[in-house]
Amino acid sequence: MKIPAIQSAEKKLELSEVVIRPIETDFERSQVYRLRYDIYIEEMKRGTHGVDYATKQVFDEMDESAILLGAFYHGRMVGTARLNFSSDTVFSKSDLYQFEVFEKTYPKGVLMITKAMVAKEWRGSMLFFEMVKAMHNIALERNAQVSLLDCNDHLVGTYEKIGFRSYRGRVFDEEYGWVTPMAMLHADETYLREVRSPLLLNLKRFERHAEANRQKVAQREMA
807 MKIPAIQSAE KKLELSEVVI RPIETDFERS QVYRLRYDIY IEEMKRGTHG VDYATKQVFD
867 EMDESAILLG AFYHGRMVGT ARLNFSSDTV FSKSDLYQFE VFEKTYPKGV LMITKAMVAK
927 EWRGSMLFFE MVKAMHNIAL ERNAQVSLLD CNDHLVGTYE KIGFRSYRGR VFDEEYGWVT
987 PMAMLHADET YLREVRSPLL LNLKRFERHA EANRQKVAQR EMA
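In short: position in the sequence shown from 1, add 806, done, that's this note's numbering.
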């Protein structure tokens, strides 16, 4: 997935018509599972845990406690990601991420991002970054302090521009081969500014909104 220097007016118009939000219905859940199948199995020819070849869906036990994010273009799902929080999830592959180290430092404050993907025709657009902003908003709202994910070599640079950092180099995963675990502190304003992350404005907007809410609460209590 490449970061385009210039995005066409046509693509910007299309992106403005995309709705990014957590899924709400069983049908939308099935759309998530089917998009995973289309990309992992049919496009990438990659076997993966939790494949149902009969229904052409990919799902596993972590979906039960996850927030499943969907990007919808005129009702059709064109992107998705899975968000699991340590406050209510028993993580699989915890050794891969050295999860215990993060959980000890940020108890109940770890977000694991997995199965993030964009439909083929939307790669090269800014859709992926809009999805990342949505994930960041959810993380801040849930008071999660750090996100963990892993990616293949060609995506490391993309995630670094967002604000993620590699913390243990490349490791071998039995399901996906060689991957790079990465972490990002959601409220690390200094680092987000240093890498010119698109999430910096997100963070500042969230902080302003939170402060406004605190002032409203204080005013009500004084009334």
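Even for Gly, the Cβ is constructed at its ideal location relative to N, Cα and C.
Could you tell me if residue i is buried or exposed, where buried requires 16 or more neighbouring beta carbons within 10 angstroms of its beta carbon?
i, result
"TRP984", "exposed"
"ARG888", "buried"
"MET937", "buried"
"ARG842", "buried"
"GLN1025", "exposed"
"TYR859", "exposed"
"LEU1007", "exposed"
"THR831", "exposed"
Helix, strand or coil for residue i, going by three-state DSSP, please let me know.
i, result
"ILE829", "coil"
"ASP866", "coil"
"GLY963", "helix"
"THR986", "strand"
"ASN1008", "helix"
"TYR912", "coil"
"THR806", "Residue 806 falls outside the range modelled here, since the chain spans only 807 to 1029, and no answer is possible."
"VAL857", "strand"
"ARG1020", "helix"
"ARG840", "helix"
For residue i and residue j, what's the separation of their Cα atoms in angstroms?
i, j, result
"GLU906", "VAL916", "10 Å"
"ARG999", "ARG974", "23 Å"
"HIS1015", "TYR982", "39 Å"
"VAL962", "GLY853", "22 Å"
"ILE845", "LYS1022", "46 Å"
"SER892", "CYS957", "20 Å"
"LEU1009", "LYS967", "15 Å"
"GLU927", "PRO1004", "22 Å"
"TYR1031", "ARG827", "With the chain represented from 807 up to 1029, any question about residue 1031 goes unanswered, as that position is not in the structure."
"GLU995", "VAL824", "28 Å"
"VAL1001", "THR861", "42 Å"
"MET850", "TYR912", "35 Å"
"ASN890", "GLY969", "19 Å"
"TYR879", "HIS960", "26 Å"
"THR964", "ARG1020", "35 Å"
"ARG770", "GLN904", "Residue 770 lies beyond the residue range present for the chain, which begins at 807 and ends at 1029; the question has no answer from this structure."
"PHE935", "GLU980", "28 Å"
"VAL864", "PHE833", "14 Å"
Is the beta carbon of residue j closer than 9 Å to that of residue i?
i, j, result
"LYS922", "THR895", "The sequence given here has Ala at residue 922, not Lys. No, these two residues do not count as a Cβ contact at 9 Å."
"LEU875", "ILE829", "yes"
"ALA1018", "LEU946", "no"
"HIS855", "ASP866", "yes"
"ARG1012", "ASN949", "According to the sequence displayed, residue 1012 carries Phe and not Arg. Not closer than 9 Å, so no."
"PHE908", "VAL952", "yes"
"SER931", "LEU821", "yes"
"GLY885", "VAL857", "no"
At least one CB of chain D closer than 9 Å to the CB of residue i: is that the case?
i, result
"VAL938", "Of the chains in the structure shown, none is chain D; there is only one protein chain."
I believe residue i touches residue j by the beta-carbon criterion, under 8 Å. Please report the beta-carbon distance rounded to the nearest angstrom.
i, j, result
"ALA877", "LEU933", "6 Å"
"MET941", "ILE919", "6 Å"
"MET988", "SER972", "5 Å"
"LEU902", "VAL838", "Not a contact, Cβ separation roughly 22 Å."
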